[in-house]
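**Q** The numbers in my numbering rise by one with no breaks, and the one at position 171 of the sequence shown is 209.
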Amino acid sequence: MTFHGTKLPGVFEIHLERNSDERGFFARSWCQKEFKDHGLNSHLVQCNVSLNSRKGTLRGIHYQAAPYAEAKVVRCTAGAIYDVVLDLRAQSPTFKQWFAAVLSAENRHMLYIPEDCAHGFLTLADQTEVFYQMSEFFYPEAARGVRWNDPAFQITWPEKVQVISERDNTYQDFEPK
C-alpha cells in the first residue's frame, strides 16, 4: 500500500500496490503495522457494507461523537463514489474544510478518515457497494451528522443528489461547539 497525504491533516488516500502476473494481481488492503507506521489508528473493531441501488444516492455526512469517535477506512467494491471527508476538529488548521476523492471498484483506492472528521459520499453509478472498517463500535446515542449542503462547508458535489434519507437531508445548520 502507498499512503498519500491530503490537504486535511491525518486524512490519507491509500493505493494498493498490485503484484501482477498472468493470473491477475494480488495486493494487500490492510496491514496493522503499516497503518501504525504512518501514525494512523490501526485498531479496527467493526466492518460494514452499504449497497446503494441508484446513481445519485447520498449518504452522510456522518460521524460519532466522543467518547465513541471513530476512525474509518473506506473502499468502494462495486461501482463508484465521490467520497467526502469533512474536518470537524475544532483545533485543526483545516477546521470546516473538506477533501474529496473518487473511489471505485476500478481504481481500488481507499480513504483513511481519522476521528472527529465526518464522512459522506455520493454514488456515481447504480449498484454501488461501499465497504467500511471502523475503529469503534456503533453507538446510536453517539451518531451525529451535518447536512450535505450546509453553507458552512460549501461542499461541491459533482452530480445532482437523487436519493437521500430524511435524516441526512434535514440536519440543522452547523454550529461549532
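We put the beta carbon where it would ideally sit given N, CA and C, even for glycine.
Note down, in chain order, each residue of its chain lying with its Cβ closer than 7 Å to the Cβ of residue 151, except the 5 sequence neighbours on either side.
**A** Taken in chain order, the residues that qualify are 49, 109, 110, 112, 123, 157.
**Q** Three-state secondary structure (DSSP) at residue 118?
**A** Note: residue 118 maps to strand in three-state DSSP.
**Q** Going by C-alpha to C-alpha distance, which of 208, 207, 45, 206 sits closest to residue 125?
**A** Residue 125 has its Cα closest to that of 45, out of 208, 207, 45, 206.
**Q** Using C-beta distances below 6 Å, list every residue in its chain close to residue 169, excluding the 5 sequence neighbours before and after it, in chain order.
**A** Closer than 6 Å at the Cβ level, and outside the excluded window around residue 169, lie 87, 113, 115.
**Q** Give, in chain order, every unbroken run of the alpha helix (DSSP H) that is at least 4 residues long and sits entirely within the region 65-118.
**A** Taking only runs of at least 4 residues, the alpha helix (DSSP H) segments lying wholly in the region 65-118 are 70-75.
**Q** With distances taken Cα to Cα, identify the nearest neighbour of residue 132 among 147, 180, 155, 142.
**A** Comparing Cα-Cα distances from residue 132 to each of 147, 180, 155, 142, the minimum goes to 155.
**Q** On the DSSP letters alone, give me the boundaries of the alpha helix (DSSP H) that residue 145 sits inside.
**A** Note, residue 145: premise wrong, no alpha helix (DSSP H); not H, not E.
**Q** Rounded to the nearest angstrom, what separates residue 47 and residue 80 at their Cα positions?
**A** Their backbone Cα atoms lie some 17 Å apart in a straight line.
**Q** Once the 5 residues before and after residue 85 are set aside, which same chain residues still bring their CB inside 6 Å of it?
**A** These residues qualify, in order along the chain: 171.
**Q** Shortest alpha-carbon distance to residue 43 belongs to which of 103, 117, 138?
**A** When each option's Cα is compared against that of residue 43, the closest is 138.
**Q** Thinking C-beta only, is residue 99 closer than 9 Å to residue 183?
**A** Yes; because the gap between Cβ atoms is below 9 Å, this pair is in contact.
**Q** Determine the burial state of residue 97: buried for a count of at least 16 other Cβ atoms within 10 Å of its Cβ, exposed for fewer.
**A** By the 10 Å Cβ count, residue 97 comes out buried.
**Q** What number of angstroms, rounded off, separates the C-alpha of residue 180 from the C-alpha of residue 64?
**A** Spanning the two alpha carbons is a distance of roughly 38 Å.
**Q** Give every residue of the same chain whose Cβ lies closer than 8 Å to the Cβ of residue 94, excluding the five residues on either side of it in the sequence, and list them in chain order.
**A** Here the set comprises 160, 161, 197, 198, 199, 200, 201.
**Q** Would you kindly work out how many angstroms separate the C-alpha atoms of residue 148 and residue 135, rounded to a whole number?
**A** If you take the alpha carbons of residue 148 and residue 135, they lie about 20 Å apart.
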